[in-house]
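Down below is the structure, laid out as structure tokens.
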Amino acid sequence: MDDDGNCFLCANKDFRRSKVCIAGIPYDGTSSNRCGARFAPKAIREASHGIESYSVYQKKSLQGKSVSDMGDIPLPLGDAEFAMGIIKSFVSPIVREKKCFFFGGEHLISLPIVDVLSNEYKNLFVVQFDAHADLRDSWMGEKLSHASVMRRVAEIIGFEHLLQLGIRSGTEEEFKLPQRKQLLCENFSYVDEFIKIIGKNPVYLSIDLDVLDTSVAPGVGTPEPGGRSFIELIETLVKFSSLNVVGCDLVELSPHYDSSGNSSIVAASIVKEVILNLF
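Counting in my numbering, the sequence shown runs without a single skipped number right up to 576 at its last residue.
See the structure below:
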């Protein structure tokens, strides 16, 4: 195990020589249920030092991998538009050089990242692992919200480039959106079809921790029963290894709602498996 507690497990390499970059985005200014996702990046890093660097699922280790951890972006607690601008300014130069893994924070942090990546990559796809559709046009009149983030993302990349897995909660309007077509799936059964749709195009993965069942990860901002298991998620992510993954985020961990710390350990384990598999 890595001894540097200020960074994610084994992610203490020099940025200039690294292939993968980690950055925390501690923002939860529009959280509509249980706040606290801004504390997630720190919790994920701390939890990572309680897990092994070796993956028994993939027979690989983070030891020797070229991964750097840039720490957290300083962000205001409110003013979503201002915060999104800061995130874009931070993200823009590093995604041109590195593949990046971002620790949220609430799900709205995906929007400025996708906005930047859409200018860097043509035909960008986004695969969203989530319990919630996040396709509302607005939440209580606010268009910049974690409840409407994928509506804004789809407006940038096109609804046909937004592929959703694990969705089991949303408004009637969200499930009947004509633009959505068939690309919102309540389980992982469409994974192989999605892989064919994406093909060789670049893809960004956005993993909302509440895609997992509440028995696996109760420490999330908006828990929703009936989710996937940890193994199901990892097996599904492994299938994406053949794709051109240009970045990833993990969002909506609200660590203090799980006093056992298990949700943070689950989140850190997902990060490890994704880095080993996709980057």
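From the three backbone atoms N, C-alpha and C, an ideal C-beta is built for every residue, glycine too.
Proximity to residue i [Cα-Cα], best of the options
i: SER407; options: ASP431, SER512 and ASN420; result: ASP431
i: SER561; options: LYS497, GLY496 and GLY401; result: GLY401
i: PRO338; options: PHE576, PHE485, GLY375 and PRO371; result: PRO371
i: SER551; options: ALA564, ILE391 and SER539; result: ALA564
i: GLY333; options: SER539, PRO475 and HIS553; result: HIS553
i: PHE576; options: TYR501, SER526, ASP555 and ARG525; result: TYR501
i: ASP376; options: PRO390, THR327, LYS362 and GLU529; result: THR327
i: GLY368; options: ASN330, ARG448, ARG433 and LYS310; result: LYS310
i: ALA444; options: ILE384, ARG331 and ILE528; result: ARG331
i: GLU439; options: SER329, GLU521 and PRO373; result: SER329
Residues near residue i by beta carbon distance below 7 Å, same chain, minus five either side
i: ALA308; result: ILE319, VAL364, SER365 and ASP366
i: VAL388; result: PRO409, ILE410 and VAL413
i: ARG335; result: PRO323, TYR324, ASP325 and GLY402
i: ASP300; result: Bear in mind that the predicted position of ASP300 carries a pLDDT of just 46, short of 50, making it unreliable; the figure below should be weighed with that in mind. Hits under 7 Å: none found.
i: SER581; result: Nothing about residue 581 can be reported from this structure: the residues present for the chain run from 298 to 576 only.
Under the three-state DSSP convention, the category residue i falls into
i: CYS545; result: strand
i: ASN559; result: helix
i: PHE399; result: strand
i: ALA428; result: coil
i: TYR501; result: strand
i: PRO520; result: coil
i: PHE422; result: strand
i: ARG433; result: coil
i: ILE464; result: coil
i: VAL353; result: coil
i: ASN574; result: helix
i: ALA320; result: strand
i: GLU439; result: strand
Distance between residue j and residue i (C-alpha atoms, nearest Å)
i: VAL508; j: PHE426; result: 6 Å
i: GLY321; j: ILE494; result: 30 Å
i: SER415; j: LEU421; result: 6 Å
i: LEU506; j: VAL535; result: 17 Å
i: LYS356; j: GLU570; result: 10 Å
i: LYS396; j: SER503; result: 14 Å
i: ASP325; j: HIS458; result: 26 Å
i: ARG314; j: PHE399; result: 19 Å
i: GLU469; j: TRP436; result: 15 Å
i: GLU394; j: PHE491; result: 27 Å
i: ILE453; j: VAL423; result: 11 Å
i: LYS316; j: ILE341; result: 20 Å
i: GLY467; j: HIS429; result: 6 Å
i: PHE312; j: PHE472; result: 42 Å
i: GLY544; j: PRO499; result: 9 Å
i: GLY558; j: GLY347; result: 11 Å
i: ASN541; j: LYS419; result: 12 Å
i: GLY455; j: LYS385; result: 20 Å
8 Å contact criterion, which residue i and residue j should meet: CB distance rounded
i: GLU403; j: VAL548; result: 6 Å
i: LEU573; j: LEU359; result: 7 Å
i: GLY523; j: ARG465; result: 5 Å
i: MET381; j: LEU441; result: 7 Å
i: GLU417; j: VAL392; result: 6 Å
i: ARG448; j: ARG433; result: 6 Å
Own chain, CB closer than 8 Å to residue i, minus 5 neighbours either side, in chain order
i: ILE531; result: TYR354, ILE567 and GLU570
i: SER526; result: LEU509, ASP510 and VAL513
i: ASP555; result: ALA514, PRO515, GLY516 and SER561
Cut-off 6 Å between Cβ atoms - residues of its own chain near residue i, not counting five sequence neighbours on either side
i: ALA451; result: LEU459
i: THR533; result: PHE485 and VAL488
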